[in-house]
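Inspection log for the structure reproduced underneath, given as structure tokens.
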Amino acid sequence: MTGFLLRRLLILLATLFAASLVVFAVLQILPGDPAAIMLGTGARPDTVAALRHQLGLDAPMPLRYLRWVGGMLVGQFGTSYTYSVPVRDLVAERVMVSLPLAVMAICLSTAIAIPVGVLAAARRGHAADTAAMGVAQIGVALPNFWLGLLLILAFAIRLPWLPAGGFPGWGGGPWHGLRALILPALALGLPQGAILARVTRAAVIETLGEDFMRTARAKGLTRRAALWRHAVPNALVPVVTLIGLQFSFLLAGTVIIENVFTLPGLGRLVFQAIAQRDLIVVQDLVVLLAGSVIVVNFLVDLVAAWIDPRQRHVSA
Amino acid sequence: MPKMKHILLAASVLCAVAGPAAAKDTLTVGMVLEPPILDPTAGAASAIREVTYANIYEGLTRIDAEGEVRSALAESWSVSKDGLTYTFKLIGGVKFHDGTPFDCSIVKFSYGRAMAPDSVNAQKQLFEPIASVECPDTYTAVIKLKRPTALFLFDMAWGDAVMVSPKSYPDAATDLNKTNPVGTGPFRFREWVKGDHVTMERNPEYWGSRPQLKSVTFKFVADPSAATAAVLAGDIDAFPLFPAPEAIDQFKADARFHVNIGTTEGKTIVALNNTRKPFDDVRVRRALTYAIDRQALIDAAQSGYGKPIGSHYVPTDPGYVDLTGVYPYDPAKAKALLAEAGVKPGTQITIMLPPPPYARRGGEVIADMWGKVGIKTKLVPIEWAQWLDQVFKRTDYDATIISHTEARDLDIYARDKYYFNYHSDAYKALYQKFVEAVEPKAQLDLVGELQRKLAEDEPNVFLFALAKVGVWNAKLRGMWDNQPVPANDVTHVSWGD
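The listed protein sequences correspond, in order, to chains A and B.
The numbers in the first sequence follow the working numbering, run straight up by one, and end at 1350.
The numbers in the second sequence follow the working numbering, run straight up by one, and end at 734.
In structure tokens:
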């Protein structure tokens, strides 16, 4: 187990290093000067130069890279060019929006998808299956931003139950904040849930055909008991793997959904930082997001190993 | 679960009780872009001024809703005959939100900071004419200029020239105003939830008349459909620069909302690279203007909102001359001029289109209009950062559509190096004459002459003045109709019946 963990840690570090190099290099090629953007079209060249100096942008490229990576190693993530606040504070503020949103979306999609997928598999070919998979097909085809707009139209404008966008912060109590995340979580989670339901159905159908299912029935279990006790646990491995993969899709999805709902989360921060060439923020966030995808994948592997003991030996 | 029900019930009861009880004294204003920082002396973004101008910060002078220069922290002033000495009488007893008293030393500090070699003031050139700031007594500031400067009082009313507290700049590298703005204004800063809103509250110690609103929140909504939804849902009371003109008719039909069509300083132009062929030939530049039907362009690209302009000046500013008739829509004439200049039909022009809709949609309409006189166009959408780099800084472009939002910026055509590469000694001399003119009448005449000279040379194709299309609650009073400077001055806003 220690060897397994150590190898994972090395992979994590190597990936982060590669990600830092790639994002730094790409941002160097990308045209646009943060200082010029901040000072606009009226500024004189000497003012732009003064600001570039203030931001440390006039240092040579390798030095800037070393400064950045060296800072991260000691926990210094730098100061945002545009906002002039530490990137760490910006990220800490915004994680409080994106993380609850992602968790809500994943819980929602899992809570809907697994029962629907299992039931559809159990009633394969029946009307319930056809209906559920029909709806899922639509869900797969729906772009999440469009679903988001529909939800706003329905539940914020026609029926003024929920806010159309924005985030009041957690200061006003948890319900205040959660309310603002319901529609975005639905927009983000439903299309993912549709995919998950289809995969769950396929996985359960496959296990239903296994020999051990016949054995389970033969030893006297009811259809239902055999389904939940034997088929579902065995079908969970691909489902859990998919949930892990969906996490990275969710991160990408938040960029769009947070813009549709004007939520001050990480996704919108990335988007704005790229547009304003807030290079240090983009660099930090790319490394952070790459790191979290790797960590989540690692957790998924652990869960899969816990569900399926055979994998423990394979991965160790 | 029952707990949740209780909370919900309690919340709805609270809402029902709190709702109609007191007259509303708070306001939520919608803005498309979030300001990156809140210090107008350290960044160019209009959004900084749209939050802070007149609300949090004040200068010696200010611009009012009509675009006139008014007194602010200077209650009066006198100008010497030669136009070189400005003596400002400052208002006494004014305090910054941090308690620092305002006096002449603050003027010296604020302007000194803006003029310093390491200054990062985006409009440093405004302060360039200043030779010295002297303080004969606590509440008198004497500013000596290197040369007469016609627009000096106007320039000192810009957001870039506001008075700041020295406590906000404890050392050269620290600017506390960026995140915690401290001014002398009627509102003081309360909080900034980044990515969502800035809130300010009434300053109980304000020196002037007390604003009606207790607190004001500026909420940032970039997406046009989200903006529409937020206004419809009542989450936002006023959206002064509304990003979805196509939704305006819906609001016009709804008695709960007031739709405002005002003007801005946004001179929308097709900027041409004057040193590049064929734009170095004035006949080509004129032909490209003859080929454009300005009203049709406004109708198609701006839902009909906007006023045609024939020079780099907007109809609401003093001394405006209507020059839209100099090159009226005349495709035949355009073709003839192009032929005369040796531009063959089928010549291709690349137009760089920055993100705003006026450019993206306008580009398509202009491509069509130029196509009718035999010019092929290639439309290249680019993001803002790239525009600043490639077009503005390196001037590597043929043509671009852009709106110049700075007020009365005829000076950009007199600069030695500016991105459209217009060089005219005659214009420079004329501008110099304007700058040095002391008499208001002479100044206005020269503003007219400058506009005419630009129309004659037509360095860029002048299209239209951007409209200020806003939507707000019909009960709101005191919102600015026009946008003479980037600002959302809410100091006189109140809720009516």
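Even glycine gets a Cβ: it sits at the ideal position worked out from N, Cα and C.
Measuring C-alpha to C-alpha distances from W314 of chain B to each of B:D355, B:S283, B:F389 identifies B:F389 as the nearest. In this structure, the beta-carbon distance from F1058 of chain A to Y1115 of chain A does not fall below 8 angstroms.
Proximity of E371 of chain B to chain A, defined by a Cβ-Cβ separation below 8 angstroms, is not satisfied. Chain order gives the chain A residues near E620 of chain B as A1309, where near means a beta carbon separation below 7 angstroms. F424 of chain B sits away from P385 of chain B, with the two beta carbons spaced by 8 angstroms or more. Cα atoms of V698 of chain B and F657 of chain B: separation of roughly 11 angstroms, rounded to the nearest angstrom.
DSSP lists B:A508, B:M589 as the beta-bridge partner residues of T637 of chain B. In the DSSP assignment, N1293 of chain A falls outside any beta strand (DSSP E) and within the unbroken alpha helix (DSSP H) covering 1266-1294. Excluding five sequence positions before and after I1216 of chain A, the CB atoms of its chain that fall closer than 7 angstroms to its own CB belong to L1196, given in chain order. Residues of chain A with a Cβ closer than 8 angstroms to the Cβ of L469 of chain B are, in chain order, I1191, A1198. For a Cβ distance threshold of 7 angstroms, residue set D460, A463 of chain B lies close to V1294 of chain A, ordered along the chain. Assignment of S369 of chain B by DSSP, reduced to helix, strand and coil, places it in the strand class.
Using beta-carbon distances, S1282 of chain A does not count as an interface residue toward chain B, since no partner is under 8 angstroms. For the 8 angstroms CB-CB criterion, V727 of chain B and L450 of chain B form a contact. Distance from the CA atom of V1082 of chain A to the CA atom of V357 of chain B, rounded to whole angstroms, is 7 angstroms.
Of the residues assessed, P582 of chain B falls on the exposed side of the cut-off, its CB having fewer than 16 other CB atoms within 10 angstroms.
Within chain A, the residues placing a beta-carbon under 7 angstroms from that of D472 of chain B are P1197, A1198, G1200, ordered along the chain.
Taking the Cα of E483 of chain B as reference, the smallest distance to any Cα among B:M606, B:G547, B:V706, B:G715 is reached at B:V706. Of all residues in the region 347-373 of chain B, only P354, D355, S356, V357, N358, A359, Q360, K361, Q362 place a beta-carbon less than 8 angstroms from a beta-carbon of chain A. For secondary structure counted as the alpha helix (DSSP H) over 4 or more consecutive residues, the region 468-540 of chain B holds these complete runs in sequence order: 485-489, 519-527, 531-538. Look at W1204 of chain A here: in three-state DSSP terms it is helix. Per the Cβ contact rule, the region 1054-1072 of chain A is in contact with the region 603-623 of chain B (3 or more Cβ pairs under 8 angstroms). Remark: three or more beta-carbon pairs, one from each stretch, lie closer than 8 angstroms, so the region 601-620 of chain B and the region 565-579 of chain B are flagged as touching.
For A1059 of chain A, no chain B residue has a C-beta closer than 9 angstroms to its own C-beta; the minimum C-beta separation is roughly 17 angstroms.
Only K415, T416, V430, K431, G432, D433, H434 from the region 414-448 of chain B bring a Cβ to less than 8 angstroms from some Cβ of chain A. When secondary structure is reduced to three states using DSSP, W1340 of chain A falls in the helix class. When the Cα atoms are used, M393 of chain B and I1172 of chain A turn out to be separated by approximately 59 angstroms. Under the DSSP assignment, K665 of chain B falls in the alpha helix (DSSP H) whose first and last residues are 662-673. For R425 of chain B, the enclosing beta strand (DSSP E) begins and ends at 424-430.
In the three-state reduction of the DSSP assignment, E438 of chain B falls in the strand class, which pools E and B. Note on K456 of chain B: 16 or more other CB atoms within 10 angstroms of its CB, so buried under the neighbour-count rule. DSSP links W624 of chain B through a beta bridge to no other residue. Following the DSSP letters along the chain, one finds K678 of chain B in no beta strand (DSSP E) but inside the alpha helix (DSSP H) bounded by residues 677-694. In this structure the region 294-302 of chain B touches the region 404-421 of chain B; the number of beta carbon pairs closer than 8 angstroms is three or more. In the assembly as shown, V468 of chain B is a buried residue. Its beta-carbon has 16 or more other beta-carbons within 10 Å. Within the region 549-579 of chain B, the runs of alpha helix (DSSP H) at least 4 residues long that lie entirely inside it are, in chain order, 568-577.
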